[in-house]
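Residue numbers (mature numbering (1 follows the signal peptide of the UniProt record, and there is no 0)): -21 to -1, 1 to 375.
Just so it is clear, CB atoms sit at the ideal spot from N, CA and C, and this is done for glycine as well.
Report on one structure; see the data block that follows.
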């Protein structure tokens, strides 16, 4: 994928316009670009910013602040980004200009996005975009194993090697493997790890109440753990065993334990705890296993760190398919999330995270914050939506 593959005609039109032209006029002048193929079998249709319902009413200063967070690692040519597509050189240049601006006010921030980017509506191969929500859960735990907190949270093993594009020589859709003297082999899956495959490796970071809480923290990719003395420790994503992700919600619905319409995150947690034997069996079907690291000192209001190595912003950060989109790209999301968040959702977001279940060009997870209320909302977001990616404009 190459983000700079835009028609030169747009640049020529911009060069002929007077510098006093309004940003929305400049945007309208670039929509003669052709529809083209996008990543993952999608198509990309150029749009004017004026075609984005709610664009002018968005809080562009807030959107710029979230975007600029990612610009710090992107401007360094992606040196600190986790595995994924490298940032396009054009996006690197834009990020350097963004950092030089500081924090512009709303109108100036909007002008920046309109000057630097061209909106493209994404039509995925499957026909419609799909949104889910995620959050940072909070659970109780202990730095030592006790009767109340018996379940260990494991650090990333030193023999785990990640291969986002697939493990060379191994089938099964693996994205990580174990390094051995004889070569690469599949890493133990969830059932094997729960069965003790990594015992004795001294990987225990801390201990939590049960496997249900840990499982859901792994699905979300981070968590806050409140210790007995009231202090908070943060679990941050450190890697995964590379096995494909399986949605246990789908399994529970397929087996008839609950309907899709009645399922929420709270009901899912309650069902897993109320049916420990079936719950553990079904959780084992998700062979993917997430390893964590302990975050450094944190403020109570501080968000978790996403795969782009920056603090996530509630309502402004999204997780995307890292094999299709580089971190740092802005996306305009338009969806009616009233049934989940209490209002429609038309907002400029930034790709700052990823997830093993986030697959496809028009598929995203919206980060909704930390704690119980964010979790309630996240558990209700399962909506179709319009996806528009802002790609860097072609330059002379």
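Check: Buried or exposed: where does residue 159 fall if 16 or more other Cβ atoms within 10 Å of its Cβ makes it buried?
Finding: By the Cβ-count criterion, residue 159 is exposed, with fewer than 16 other Cβ atoms from all chains shown falling within 10 Å of its own Cβ.
Note to self: Based on DSSP bridge pairs, tell me the residues matched to residue 187.
What the structure shows: Residue 187 is bridged by DSSP to 120, 130.
Next item on the list: Kindly list the residues whose CB is nearer than 6 Å to the CB of residue 168, restricted to its own chain and excluding five residues on each side of it in sequence; keep chain order.
Entry: Excluding positions up to five away in sequence, the list reads 222, 266.
Notebook entry, point to check: In three-state DSSP terms, what is residue 18?
Noted result: Reduced to three states, the DSSP call for residue 18 is helix.
Item checked: residue 272: first and last residue of the uninterrupted beta strand (DSSP E) it sits in -> For residue 272, the uninterrupted beta strand (DSSP E) segment begins and ends at 269 to 273.
Next item on the list: Specify, as a first and last residue, the run of the alpha helix (DSSP H) that residue 71 falls within.
Entry: Taken as a continuous stretch (DSSP letters only), the alpha helix (DSSP H) holding residue 71 covers 68 to 80.
Next item on the list: Would you check if the stretch 107 to 125 and the stretch 337 to 352 touch, i.e. whether three or more CB-CB distances between them fall below 8 Å?
Entry: Flag = yes, the stretch 337 to 352 and the stretch 107 to 125 touch.
Margin query: Can you give me the C-alpha to C-alpha distance between residue 65 and residue 308, rounded to a whole angstrom?
Written below: About 11 Å.
Next item on the list: Could you check if residue 49 is buried or exposed, using at least 16 other CB atoms within 10 Å of its CB as the buried criterion?
Entry: Burial call: buried.
Notebook entry, point to check: With burial defined as no fewer than 16 other Cβ atoms inside 10 Å of the residue's Cβ, what is the status of residue 344: buried or exposed?
Noted result: With 16 or more other Cβ atoms inside 10 Å of its own Cβ, residue 344 counts as buried.
Check: Of the residues 236, 216, 296, 39, which one's Cα is nearest the Cα of residue 258?
Finding: If we check each option's Cα against that of residue 258, 236 comes out closest.
Notebook entry, point to check: For residue 24, which residues does DSSP report across the bridge?
Noted result: DSSP lists 100 as partners of residue 24.
Note to self: Let's test the definition: count the other Cβ atoms within 10 Å of the Cβ of residue 1 and tell me whether it reaches 16, buried, or not, exposed.
What the structure shows: In this predicted model, residue 1 has a pLDDT of only 33, less than 50, meaning its place in the structure is not dependable; the value taken from the coordinates is given anyway. A residue is called buried when at least 16 other Cβ atoms come within 10 angstroms of its Cβ; residue 1 does not meet this threshold and is exposed.
Notebook entry, point to check: Apart from the five residues just before and just after residue 341, which ones in its own chain have a Cβ nearer than 6 Å to its Cβ?
Noted result: Counting only Cβ-Cβ distances below 6 Å, and skipping sequence neighbours, we find 101, 103, 108, 366.
Margin query: Can you confirm whether the stretch 317 to 333 touches the stretch 37 to 48 when touching is taken to mean that 3 or more C-beta pairs between the two stretches lie within less than 8 Å?
Written below: As far as the Cβ criterion goes, the stretch 37 to 48 touches the stretch 317 to 333, which means the pair count is three or higher.
Note to self: Less than 9 Å between the C-beta atoms of residue 220 and residue 139, yes or no?
What the structure shows: The answer is yes: Cβ separation under 9 Å.
Next item on the list: Find out if the Cβ-Cβ distance for the pair residue 98, residue 311 is shorter than 9 Å.
Entry: Yes, the pair counts as a contact, with Cβ atoms nearer than the cut-off.
Check: Can you name the start and end residues of the beta strand (DSSP E) that residue 331 belongs to?
Finding: That run of the beta strand (DSSP E) goes 324 to 332.
Item checked: CA-to-CA distance, residue 355 to residue 47, given in whole angstroms -> Residue 47 and residue 355: Cα-Cα distance of roughly 29 Å.
Margin query: Mapping the DSSP letters down to three states, classify residue 317 as helix, strand or coil.
Written below: Looking at residue 317 - three-state DSSP - the assignment turns out to be helix.
Next item on the list: For residue 311, write down the residues that DSSP places opposite it in a beta bridge.
Entry: According to DSSP, residue 311 bridges with 327, 367.
Note to self: To the nearest angstrom, how far is the alpha carbon of residue 372 from that of residue 92?
What the structure shows: About 10 Å.
Item checked: Status (buried if at least 16 other CB within 10 Å, exposed otherwise) for residue 15 -> So residue 15 ends up on the exposed side.
Next item on the list: Have a look at residue 150 and residue 175 and give me their C-alpha separation to the nearest angstrom.
Entry: The C-alpha of residue 175 is placed about 24 Å away from the C-alpha of residue 150.
Check: Distance, Cα to Cα, residue 336 vs residue 166?
Finding: Their backbone Cα atoms lie some 19 Å apart in a straight line.
Margin query: Once DSSP output is grouped into helix, strand and coil, what is the label at residue 146?
Written below: Of the three classes helix, strand and coil, the one that applies to residue 146 here is coil, per DSSP.
Notebook entry, point to check: Hey, would you say residue 300 sits closer than 9 Å to residue 358, going by beta carbons?
Noted result: Not a contact, by the Cβ cut-off of 9 Å.
Item checked: Selected residue, minimal CA-CA separation from residue 105, among 286, 370, 369, 363 -> Answer by Cα proximity: 363.
Note to self: Short of 6 Å in beta carbon distance, which residues of its chain neighbour residue 369, apart from the five on each side in sequence? Order them along the chain.
What the structure shows: The answer, listed in chain order, is 96, 98, 309.
Item checked: Nearest neighbour of residue 323, chosen from 197, 253, 37 [CA to CA] -> Taking the Cα of residue 323 as reference, the smallest distance to any Cα among 197, 253, 37 is reached at 37.
Next item on the list: Leaving aside the five residues before and after residue 303 along the sequence, list all residues of the same chain whose C-beta is less than 8 Å from its C-beta, in chain order.
Entry: These residues qualify, in order along the chain: -21, 18, 19, 64, 339, 340.
Check: Tell me the DSSP bridge mates of residue 215?
Finding: In the DSSP output, where bridge partners are listed per residue, residue 215 has 201, 272.
Check: Out of curiosity, what's the CA-to-CA distance linking residue 53 and residue 250?
Finding: Their Cα atoms are separated by approximately 42 Å.
Margin query: Here's a check: name, in chain order, each residue in its chain whose Cβ is nearer than 8 Å to the Cβ of residue 22, leaving out the five neighbours to either side.
Written below: Here the set comprises 14, 15, 16, 101, 102.
Notebook entry, point to check: Helix or strand or just coil, what does DSSP make of residue 105?
Noted result: Coil.
Checklist line | CB-CB length for residue 286 against residue 333, believed under 8 Å | finding: Rounded to the nearest angstrom, the Cβ distance from residue 286 to residue 333 is 5 Å, consistent with a contact under 8 Å.
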